[in-house]
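The sequence shown begins at 1 in UniProt numbering and counts up by one.
Quick reminder that beta carbons are idealized off the backbone N, C-alpha and C, glycines included.
A short worksheet on the structure shown next.
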Amino acid sequence: MASEVGVVVVPPRDVMTKGRLNPGMMLLVDFEKHIVVDDDALKQQYSQARPYGEWLERRS
1 MASEVGVVVV
11 PPRDVMTKGR
21 LNPGMMLLVD
31 FEKHIVVDDD
41 ALKQQYSQAR
51 PYGEWLERRS
C-alpha cells in the first residue's frame, strides 16, 4: 500500500483487494472484523445515518 506519506509492504497472500483511491474517495479497514469497506458502502452508510435531506429542505 502506498501514498505520498510512504509505502507499506504487504505479502501477496494478504492482499484482499487492489485498486486506486481518487480524490474524494474513502476507504475503511476494520482490523477487528477483518474487512475492507469501500467508498460506495461508506458513503451510503453515512448518508443514511441522519435525515440530511430533510434538514436541507427545512433550511431552504
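Discussion item. According to DSSP, simplified to helix, strand and coil, what is Leu42?
Written reply: helix
Worksheet item: Considering only the beta carbon of each residue, do Met25 and Asp39 sit closer than 8 Å?
Response: A contact, by the Cβ cut-off of 8 Å.
Practice prompt. Using only alpha-carbon positions, find the residue among Ala49, Ser60 and Ser3 that is nearest to Pro23.
Written response: Ser3
Worksheet item: Skipping 5 residues on each side, what residues in its chain have a beta carbon closer than 7 Å to that of Val37?
Response: Leu28 and Asp30
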